[in-house]
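In my numbering, the protein residues as written are 128 to 327. Positions of the beta carbon are idealized from the N, C-alpha and C atoms, including for glycine. A short write-up of the structure that comes next.
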Ligand SMILES: Cc1cc2nc3c(=O)[nH]c(=O)nc-3n(C[C@H](O)[C@H](O)[C@H](O)COP(=O)(O)O)c2cc1C
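So, in structure tokens, the structure goes:
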């Protein structure tokens with residue numbers, strides 16, 4: 128089979144992406160609104176792009192009604208965000224924090240997570256996350272205004288907050304970090320296996 132992507136609907140193309148670019152790491156982004164409200168959401172369109180300067184990026188797809196995701200609005204307003212690594216131990220709370228709440232609602236409370244203040248930027252982190260990147264916004268790349276058009280948020284990692292228990296001689300102990308990746312549908316992967324987890 129040979130497929131011209133221009134013949135595909137947004138939904139069909141999305142299914143090729145999530146099935147074909149997998150497993151994907153998860154950017155669990157902590158942001159704050161200009162009114163000072165905390166926000167937390169996972170994004171699996173996520174990766175690293177440069178080590179000097181250290182650039183990471185994740186992409187937010189607009190809500191079905193076309194509105195911006197709160198994370199994107201907050202990043203545009205405050206120019207910073209934290210990225211919290213999702214270890215297996217926190218995966219249920221990560222899934223809960225993906226609920227589509229209104230801007231004035233706090234996903235930390237909703238997912239029963241405790242926010243802790245980032246050390247050097249105006250954004251919350253997840254208490255218990257073993258690895259946190261404190262990022263400053265570098266740029267947002269917008270890919271259009273159709274259904275499914277992403278906004279790639281690129282950030283420069285300014286500070287790394289890493290738990291001593293997973294850091295050994297300049298290396299991250301990924302067995303102890305136990306990061307979770309996203310597959311398609313309700314499927315996720317650990318560094319050992321895959322598992323299913325329904326949203327919420
Ligand atoms: C594992 C996982 C990965 C996700 N990845 C993305 C993504 O890459 N882009 C996106 O726009 N939404 C993604 N979502 C959905 C958002 O997390 C969800 O829309 C969230 O409510 C956005 O929150 P916000 O409006 O507070 O920014 C993902 C959800 C889950 C559970």
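Collapsing the DSSP output to three states places residue 285 in a strand. Beta bridge pairing from DSSP links residue 273 with no other residue.
Excluding sequence positions up to five before and after residue 327, its CB lies within less than 7 Å of the CB of 222, 223 and 226, all in the same chain and listed in chain order. A Cβ-Cβ separation of about 7 Å places residue 168 in contact with residue 196 under the 8 Å criterion. Non-local C-beta neighbours of residue 145 in its own chain, meaning closer than 7 Å and more than five positions away in sequence, comprise 311, ordered along the chain. For residue 143, the enclosing alpha helix (DSSP H) starts and ends at 137-147. Beta-bridge annotation (DSSP): residue 158 is paired with 166. With the rule of 3 Cβ pairs closer than 8 Å, the segment 274-290 does not count as touching the segment 305-321.
Taking a C-beta distance under 7 Å as the contact criterion, residue 187 and residue 198 qualify as a contact pair.
In this chain, the alpha helix (DSSP H) harbouring residue 236 covers 234-237.
Around the beta carbon of residue 298, fewer than 16 other beta carbons lie within 10 angstroms, which makes this residue exposed. A straight-line Cα-Cα distance of about 11 Å links residue 216 and residue 317. Between the beta-carbon of residue 271 and that of residue 137 there is about 11 Å, and that puts the pair past the 8 Å contact cut. A heavy atom of ligand 1 is found nearer than 6 Å to the CB of residue 169. Secondary structure of residue 278 (DSSP, three-state): strand.
Annotated three-state conformation of residue 183 is strand, per DSSP. When secondary structure is reduced to three states using DSSP, residue 224 falls in the coil class, being assigned neither helix nor strand. Residue 159 places its beta carbon less than 7 Å from that of residue 250.
A check of alpha carbon separations from residue 247 across 203, 324, 142 and 207 identifies 207 as the nearest. In terms of Cα proximity to residue 218, the closest of 153, 236, 228 and 243 is 153.
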